[in-house]
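> Residue numbers (the numbering used here): 8 to 259. Every residue gets a Cβ at the ideal spot worked out from N, C-alpha and C, and that includes glycine. All values reported here derive from a predicted model rather than from experimental measurement. The following block contains the structure, expressed as structure tokens.
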Amino acid sequence: MRRFKLVIAYDGSAFMGFAKQGELNTVEGALENALKRLNIQSPLTAAGRTDKGVHATYQVVAFNAPAFWSAQKLLAHLAPKLAPHIVCQSLEQVGLDFHPRFCAHKRRYRYILSQMPSPFLARYVAFHPHGTLESLQEALNCFVGTHDFKYFCKTGSNPKHTRRTLYKAFCYPFCVGRLDCVVVVFEANGFLRAQVRLMLGAALKCSLGHLSLEDLKAQLALKKRTSTDLAPSNGLYLSRVVYPQPLSKDGV
Numbered sequence: 008m009r010r011f012k013l014v015i016a017y018d019g020s021a022f023m024g025f026a027k028q029g030e031l032n033t034v035e036g037a038l039e040n041a042l043k044r045l046n047i048q049s050p051l052t053a054a055g056r057t058d059k060g061v062h063a064t065y066q067v068v069a070f071n072a073p074a075f076w077s078a079q080k081l082l083a084h085l086a087p088k089l090a091p092h093i094v095c096q097s098l099e100q101v102g103l104d105f106h107p108r109f110c111a112h113k114r115r116y117r118y119i120l121s122q123m124p125s126p127f128l129a130r131y132v133a134f135h136p137h138g139t140l141e142s143l144q145e146a147l148n149c150f151v152g153t154h155d156f157k158y159f160c161k162t163g164s165n166p167k168h169t170r171r172t173l174y175k176a177f178c179y180p181f182c183v184g185r186l187d188c189v190v191v192v193f194e195a196n197g198f199l200r201a202q203v204r205l206m207l208g209a210a211l212k213c214s215l216g217h218l219s220l221e222d223l224k225a226q227l228a229l230k231k232r233t234s235t236d237l238a239p240s241n242g243l244y245l246s247r248v249v250y251p252q253p254l255s256k257d258g259v
């Protein structure tokens, strides 16, 4: 038996999220079905479980396969069965103890938003008002560091631990075609369910003057929960997962 690390990108608008949900179309379900067509039946583990509408440019999945499969041969057979909404970027053999979630050191999310709606980008860019980049950045700075993000987690998810370390939170202007956009980047050792969307929802309110920095800091300090706004899912991308090196035994 061999264990493989698969890096994929996917269009989240085509799925009801990553995790399997009965007969609904999900990324995990599509991956399992493609592997079954190759007579590979293995539980899948992933670096993160994206919600409905959330995209990934760098999602990591691990599974086991019979020893006769090489990474190159398996990738050549698997990739066509996942296109067009899931693209295989790389496949490599790793140690049997590799776990995409628990072995990861850092995760990075990017969020793309614009104040000018476009019907052609509606699935991939969130159209949402915001203040100046300076005011947005000032709010984002509050999240950097180690905090208890209990009040920036979707209720009902009940995680065991809610402390996370946020290494980076910044924004910059970007153009998608002729559309003026803003990209917001979050990088941390891990994220709670909907944490990125809740943090951005609060930061956007601050940039517009609808929430004070003092109230944002009070929510981070668990003194009061003032903002529960979720940024729309369609602008969010899982964009990087960082692991210690080396991992691979062979890869393509």
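1) Relative to the C-alpha of glycine 19, which residue among His92, Phe105, Ser246 and His168 is closest?
2) For cysteine 213, name the three-state secondary structure that DSSP assigns.
3) Please determine if the region 126 to 145 and the region 175 to 183 are in contact, where contact requires at least 3 C-beta pairs separated by less than 8 Å.
4) In terms of alpha-carbon separation, which member of Arg44, His137, Pro239 and Met8 lies closest to alanine 72?
5) Residue ranges of each beta strand (DSSP E) run of no fewer than 3 residues wholly in the region 26 to 79, ordered along the chain?
6) Rounded to whole angstroms, what's the CA-CA distance from glutamine 122 to cysteine 110? Just pull it up for me.
7) In the DSSP assignment, the beta strand (DSSP E) including alanine 176 goes from what residue to what residue?
8) Return the residue from the list His168, Ser49 and Lys59 that minimises the CA-CA distance to alanine 238.
9) Can tyrosine 116 and phenylalanine 25 be called in contact, C-beta distance under 7 Å?
10) Just to confirm my understanding: we take leucine 120, look at its own chain, exclude 5 residues before and 5 after, and list those with CB closer than 6 Å. What are they?
11) List the residues that DSSP assigns as beta-bridge partners of serine 97.
12) Going by Cα to Cα distance, which pick from Cys149, Ala63 and Gly55 is closest to isoleucine 15?
13) Could you pull the DSSP bridge partners for valine 189 from this structure?
Let me spell this out:
1) Taking glycine 19 as reference, the option from His92, Phe105, Ser246 and His168 with the minimal CA-CA separation is His92.
2) helix
3) yes
4) Met8
5) 62 to 72
6) Glutamine 122 and cysteine 110: Cα-Cα distance of roughly 38 Å.
7) 170 to 183
8) Lys59
9) no
10) Ala133, His135, Val189 and Gly242
11) Val14
12) Ala63
13) Leu120 and Pro180
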